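Since the structure comes first, as structure tokens, the remarks are kept for the end.
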Amino acid sequence: MTAQKIDIKSLSFEELGAFLHELSLPRFRTSQVFDWLHQKQVTSFTEMTNLSKKLIEQLDERAYITTHTIQRKLVSKIDGTVKYLFSLPDGSLCESVVMTYQHGKSICISTQIGCRMGCSFCASTKAGFVRHMTPSEIIEQLYAAQRDLGERIGHIVLMGIGEPLDNYDNVLKFLHLVSDERGANLSLRHVSLSTCGLVDRIDKLADEQLGLTLSVSLHAPNDRIRNQTMPISLKWPIEELIDVCKRYAEKTSRRISFEYALIAGLNDSDACADELAQRLRGMLCHVNLIPVNEIRETTYRKSQKERIYAFQQRLLHHGINATVRRTLGVDISAACGQLRREQLK
Ligand code: SAH
0 MTAQKIDIKS LSFEELGAFL HELSLPRFRT SQVFDWLHQK QVTSFTEMTN LSKKLIEQLD
60 ERAYITTHTI QRKLVSKIDG TVKYLFSLPD GSLCESVVMT YQHGKSICIS TQIGCRMGCS
120 FCASTKAGFV RHMTPSEIIE QLYAAQRDLG ERIGHIVLMG IGEPLDNYDN VLKFLHLVSD
180 ERGANLSLRH VSLSTCGLVD RIDKLADEQL GLTLSVSLHA PNDRIRNQTM PISLKWPIEE
240 LIDVCKRYAE KTSRRISFEY ALIAGLNDSD ACADELAQRL RGMLCHVNLI PVNEIRETTY
300 RKSQKERIYA FQQRLLHHGI NATVRRTLGV DISAACGQLR REQLK
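Have a look at this one:
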């Protein structure tokens, strides 16, 4: 029967209204139910105490509330970073990480079960792609973490497992849901979306004018190197990627953030820094340098600290805004996707 039930937490306010109308319920019920689902973030209809028993039964019969179970939880003793492995009703696993910054808590969430982008340095892609996540499965990572921690998380980064723009429609629905003032009410100014560079979808996203921050995983200054690590670059060459980023920045007036994981001997030379600076010249952007997270499946090694800072200096010298990302939760390190991968084995 479950298969025919409505995934109620994936419905927009308007869709929820239409669904409740079908059940012959008055309009004010929409606000009540939406509030229970997205503001109070309950996990069962019985918790909706201002609904009649009959109505609760009716909802239970027709719909379900997506709820994640904590399969594993790791807490860093160094900085309090919390890593969750959630299990979903169909047995799928997904990972989310909560980090604490000066401005408050931020959660890194997944958008797909597995990933099909195939980046050679990334653990998320090694076990392959299973399926897209639904809007409710994406948003429930935030709600489940908030329930567990007993506090509000004000920032979201779509940087967990999966390629958000490969699951475009569900991710967009999630963004509308999470920012709905009648629900979770989290401003999209506090959301970053990271992509490996699906050029056509970046154009589409720019037109949505959502006000979120776009992060682009660049990791190389040219196609020769990028083709070795990121198969997406065979489809969308770096020149087209940079062009669409320029269009995005112009259309939205938002600064693009470029992710650049430094891999010793591969993409971390001065010549690479110069070439990168050349490409980004004149653009509203920021480069985030990250020592590559060494995963078991590859032989890639982190660049030395001195090399990382030399690379940064070189970019700064060319007038490119660049920072080295602080690594959080090193004691529970497990790069993105590693927890899920261990569990699958
Ligand atoms: N698919 C999206 C978002 C998920 S990955 C994307 O590609 O952007 C989030 C970020 O982590 C991306 O910048 C990705 O390239 C980076 N990443 C993946 N594996 C990494 C590793 N081993 N070391 C450092 N960064 C890594």
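Going by numbering that gives the first Met the number 0, 333 is the number at position 334 of the sequence shown; the sequence numbering is gapless. We put the beta carbon where it would ideally sit given N, CA and C, even for glycine. Just so we're clear, the structure is a prediction, and the values are computed from it rather than from any experiment.
Compute the minimum distance between the beta carbon of residue i and the heavy atoms of the ligand SAH, and state whether it is under 6 Å.
| i | result |
| --- | --- |
| serine 232 | no |
| threonine 361 | Here the chain has residues from 0 to 344 only, and residue 361 is not among them. |
| phenylalanine 120 | yes |
| methionine 360 | In the structure displayed, the chain extends from 0 to 344; residue 360 sits before or after that span and is not available. |
| glycine 132 | Sequence inspection shows methionine at residue 132; the glycine mentioned does not correspond to that position. No. |
| methionine 158 | yes |
| alanine 260 | yes |
| asparagine 292 | yes |
| serine 216 | yes |
| isoleucine 255 | no |
| serine 193 | yes |
| isoleucine 237 | no |
| glutamate 56 | no |
Closer than 7 Å by C-beta to residue i: which residues in its own chain qualify, once you throw out the five before and the five after it? Chain order, please.
| i | result |
| --- | --- |
| leucine 58 | Phe44 |
| glutamine 145 | Gln40, Arg151, Ile152 |
| arginine 340 | Ala122, Lys125, Ala126 |
| valine 243 | Val198, Ile201, Asp202 |
| leucine 187 | Leu174, Ser178, Leu209, Gly210, Leu211 |
| glutamate 60 | none |
| leucine 315 | Ala321 |
If we count the other Cβ atoms within 10 Å of its Cβ and call it buried at 16 or more, is residue i buried or exposed?
| i | result |
| --- | --- |
| cysteine 88 | According to the sequence shown, residue 88 is proline rather than cysteine. It counts as exposed. |
| leucine 10 | buried |
| alanine 17 | exposed |
| valine 329 | exposed |
| aspartate 267 | buried |
| asparagine 166 | buried |
| glycine 113 | buried |
| threonine 212 | buried |
| alanine 272 | buried |
| lysine 76 | exposed |
| proline 290 | buried |
Are residue i and residue j close, meaning C-beta to C-beta below 7 Å?
| i | j | result |
| --- | --- | --- |
| leucine 240 | glycine 196 | yes |
| tyrosine 259 | valine 286 | yes |
| isoleucine 108 | glutamine 70 | no |
| leucine 92 | proline 134 | no |
| phenylalanine 257 | valine 323 | no |
| lysine 4 | tyrosine 100 | no |
| serine 95 | glycine 159 | yes |
Going by beta carbon distance, what residues of the same chain come within less than 6 Å of residue i, once the five residues before and after it are set aside?
| i | result |
| --- | --- |
| valine 170 | Thr110, Pro163 |
| arginine 306 | Asp267 |
| leucine 73 | Lys82, Ile331 |
| leucine 15 | Thr29, Phe33 |
CB-CB under 8 Å to residue i, same chain, minus the five flanking residues each way: which ones, in chain order?
| i | result |
| --- | --- |
| methionine 0 | In this prediction, methionine 0 has a pLDDT of 46, which is less than 50 and means its spatial position is unreliable; what the coordinates show is noted afterwards. Excluding positions up to five away in sequence, the list is empty. |
- Complete runs of the alpha helix (DSSP H) confined to the segment 195 to 228 [at least 4 residues]: 198 to 207, 222 to 228
- Ranges of the beta strand (DSSP E) found wholly within the segment 242 to 299, counting only runs of at least 3: 255 to 261, 284 to 290
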